[in-house]
Amino acid sequence: MEAKKTALYDVHVRLGARMVPFAGFLMPIQYTSILEEHRKVRTSVGVFDVSHMGEIVIRGESAESFVNYLTTNNVARLQVNQAQYTVMCYDHGGIVDDLICYRFADRYLLVVNAANTEKDFQWILTHRPADVQVENISERITQLAVQGKNAEPTLQKLTRVDLSAIKFYWFQEGELAGVPMVISRTGYTGEPGFELYFDRQYSEKVWDAVFEAGRKYDIAPIGLGARDSLRLEKKYCLYGNDIDQNTNPLEAGLGWIVKFDKGDFIGREALLKAKESGLKRKLMGFVVEGRIIPRKDYPILVDGKQVGQVTSGAYSPILEKNIGLGYVAIEYARIGQQITIEARGRSAPATIVKTPFV
Amino acid sequence: MNLPEELYYTKDHEWARVEGDTATVGITDYAQSELGDIVYVELPEVGTTVKQGESFGTIEAVKAVSDLYAPLSGEVTEVNTNLEDSPELVNQDPYGAGWMIKIKISNPDEVNNLLSKADYEKLL
Chain A
-17 MEAKKTALYD VHVRLGARMV PFAGFLMPIQ YTSILEEHRK VRTSVGVFDV
33 SHMGEIVIRG ESAESFVNYL TTNNVARLQV NQAQYTVMCY DHGGIVDDLI
83 CYRFADRYLL VVNAANTEKD FQWILTHRPA DVQVENISER ITQLAVQGKN
133 AEPTLQKLTR VDLSAIKFYW FQEGELAGVP MVISRTGYTG EPGFELYFDR
183 QYSEKVWDAV FEAGRKYDIA PIGLGARDSL RLEKKYCLYG NDIDQNTNPL
233 EAGLGWIVKF DKGDFIGREA LLKAKESGLK RKLMGFVVEG RIIPRKDYPI
283 LVDGKQVGQV TSGAYSPILE KNIGLGYVAI EYARIGQQIT IEARGRSAPA
333 TIVKTPFV
Chain B
49 MNLPEELYYT KDHEWARVEG DTATVGITDY AQSELGDIVY VELPEVGTTV
99 KQGESFGTIE AVKAVSDLYA PLSGEVTEVN TNLEDSPELV NQDPYGAGWM
149 IKIKISNPDE VNNLLSKADY EKLL
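These protein sequences, in sequence, are chains A and B. Final position of the first sequence in the numbering used here is 340; the numbers increase by one with none missing. Final position of the second sequence in the numbering used here is 172; the numbers increase by one with none missing.
In structure tokens:
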């Protein structure tokens, strides 16, 4: 299958980005340097083309109860123009995907991981009641994430919508750079910032306007490499690494988005059972004391015995240390626990720490 | 792509500059660019014996970790200790300040196993 391109593909190539296959798309992994791009977002403002993400719209009479049945967080508590982080689970409690659910006056918008868009769409269709319509609009939508403390002053120059009035995990529909869009105060970096959703035909127009508006903040394009290290410093889960069909949200530390008291939802019974019988392992953050960057699937040891494995790792440009996430057997899953990370015949001591890292 | 004419290359993207019985070793411009930001370079100690084609160290980039392979056999006579604190020198100047080790060549004939610039270029 030929890799898909976002509407901004040519722009990335023009900017000298290194393009790599990711989730069926050719995406920029870096423009200049992952470390520089990371620091840019932490200190000023950066722009990510995340148009590979999937967008699925759900409408109809019973859309609310349907989305509430599909997901673990409580959709009924969302007001119009509010969003929530949530997951969809299988019956056995494993995770189908993690996503953001947006409530509009007449519909719900689910923003899902690129690699899972088709799987999620089929999953949703399988459970769809007759009076609900489900549409995958992913190919029509460009999504830009503008992240960092200067994201708001940058974007405010381009819109009459009062951005300061949009609270975290809320959104507004309005014009920005003359283009109708959804302006959402969300992101995957832990910095203040916005995610913008609009028709892909306006991609370059919006991209250019944002860069022009951000010039005095030295705004820069940011690739997927820095996106990964930025999210990791905040312990945001990455599907396929930290969570997947074989992990449940409770052991992933996502118990806060599992609302057992909201009524029935897919996976509820299995998750309740997992909770009552006690978790066997937990996703923990650790700092390596040594010159090994932890990578997915490296073993985690205590006293020479394997007690878990790494799911994500990175060099943290902010801590200037190597950090990672991994599942650790419950008896060792505590802050301060000394562990060993084994890497290709080498090993390094590490300590389980409180998260987020930064 | 910067590939100096006078160097020898390996298929694993190391280079060797041979001067008398000494070879200076590093990784190519192509390798550093593919690896992206380099954060650690783990090198052997002076006095270590390395063998052609065998690993003499590790390079950790933000994206991936790779082995470093010795282009020639011999004893390590010098190690670029600047890389301990400034691994980014490998990104910035792979054939100069980003050199890694110097080897006292034990078998000069091994040079025949290495690639010329033209041969290496064909691999890229």
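Even for Gly, the Cβ is constructed at its ideal location relative to N, Cα and C.
So the candidates are A/L206, A/G318, A/C219 and A/D(-8); which of them puts its Cα closest to the Cα of A/E186? A/D(-8)
Under 8 Å by Cβ, that's how I've got B/P92 and B/G105 pegged, so tell me the actual separation to the nearest angstrom. 6 Å
Can you tell me which of A/I323, A/I305 and A/R328 puts its alpha carbon nearest to the alpha carbon of A/P338? A/I305
Looking only at C-alpha atoms, which of B/G146, B/V94, B/G68 and B/T129 sits nearest to B/T76? For B/T76, the closest alpha carbon among the candidates B/G146, B/V94, B/G68 and B/T129 is that of B/G146.
Taking the C-alpha atoms as reference points, what is the distance between B/V113 and A/Y280? 12 Å
With a cut-off of 8 Å, do at least 3 Cβ pairs link the segment 154 to 165 of chain A to the segment 199 to 206 of chain A? no
Assign A/R250 to one of three DSSP states: helix, strand, or coil. helix
Contact with chain A by B/D85, beta-carbon distance below 7 Å: Under the Cβ criterion of 7 Å, B/D85 is counted among the residues facing chain A.
Among A/A296, A/S329 and A/G290, the one whose alpha carbon lies nearest that of A/E313: A/G290
Which of helix, strand or coil DSSP assigns to B/W147: coil
Looking at C-alpha atoms only, which residue of A/D226, A/K139 and A/V240 is the closest neighbour of A/E194? When only C-alpha atoms are compared, the closest one is A/K139.
From the DSSP output, in three-state form, read off A/Y342 for me. Only positions -17 to 340 of chain A appear in this structure, which leaves residue 342 of chain A out of reach.
Going by beta carbon distance, what residues of the same chain come within less than 7 Å of A/A133, once the five residues before and after it are set aside? V27, P174, G175 and F176
Flag A/Y297 as yes if its beta-carbon sits less than 7 Å from any beta-carbon of chain B, otherwise no. Chain B contact via Cβ: present.
Strictly below 8 Å CB to CB, what residues from chain B border A/I16? G84, D85, V110 and K111
Which chain B residues sit within Cβ distance under 9 Å of A/R24? Contact annotation for A/R24 against chain B: no contact, minimum CB-CB distance about 15 Å [criterion: below 9 Å].
Within 7 Å of any Cβ in chain B, is that where the Cβ of A/R273 sits? yes
Among B/E62, B/L55 and B/L172, which one has its Cα closest to the Cα of B/L116? B/E62
In the structure shown, what three-state DSSP assignment does A/D80 receive? Taken through DSSP and simplified to helix, strand or coil, A/D80 comes out as strand.
Can you tell me whether A/G75 is buried or exposed, with buried defined as 16 or more other CB within 10 angstroms of its CB? Buried, because 16 or more other Cβ atoms sit within 10 Å of the Cβ of A/G75.
Using only CA atoms, which one of A/E46, A/R142 and A/E117 lies nearest to A/E37? A/E117
Shortest alpha-carbon distance to A/L81 belongs to which of A/T68, A/A87 and A/V340? A/T68
Going by DSSP, what residues sit across from A/T124 in a beta bridge? A/F180
If you draw a straight line from the C-alpha of A/R142 to the C-alpha of B/N50, how long is it? Approximately 49 Å between the Cα atoms of the pair.
Grouping DSSP H, G and I as helix and E and B as strand, with all else coil, what is A/A159? coil
Which class does A/V27 belong to by DSSP, given the choice of helix, strand or coil? It is coil, neither helix nor strand.
Is there a Cβ from chain A that is less than 7 Å from the Cβ of B/Y117? no
Would A/I77 pass as a contact of A/C83 if the rule is Cβ separation under 7 Å? no
Which term fits B/T129, buried or exposed, when burial requires 16 or more other beta carbons within 10 angstroms of its beta carbon? exposed
Taking the alpha-carbon of A/V240 as reference, which of A/K257, A/T(-12), A/T14 and A/L17 has the nearest alpha-carbon? A/K257
Given that A/R277 touches chain B, what residues does it touch there, using C-beta distances under 9 Å? A112 and V113
Option in A/T136, A/K101 and A/N55 with minimal Cα separation from A/F242: The shortest Cα separation from A/F242 among A/T136, A/K101 and A/N55 belongs to A/N55.
For a test of the three-state rule: what should DSSP assign to A/F339, helix, strand or coil? coil
Interface residues of chain A around B/Y56 at Cβ under 7 Å? Those within 7 Å of B/Y56 in chain A number zero; the least Cβ separation is about 27 Å.
Does the structure place the segment 94 to 109 of chain A close enough to the segment 29 to 45 of chain A that three or more beta carbon pairs sit under 8 Å? yes
Indicate the three-state DSSP secondary structure (helix, strand or coil) for A/F150 in the structure shown. coil
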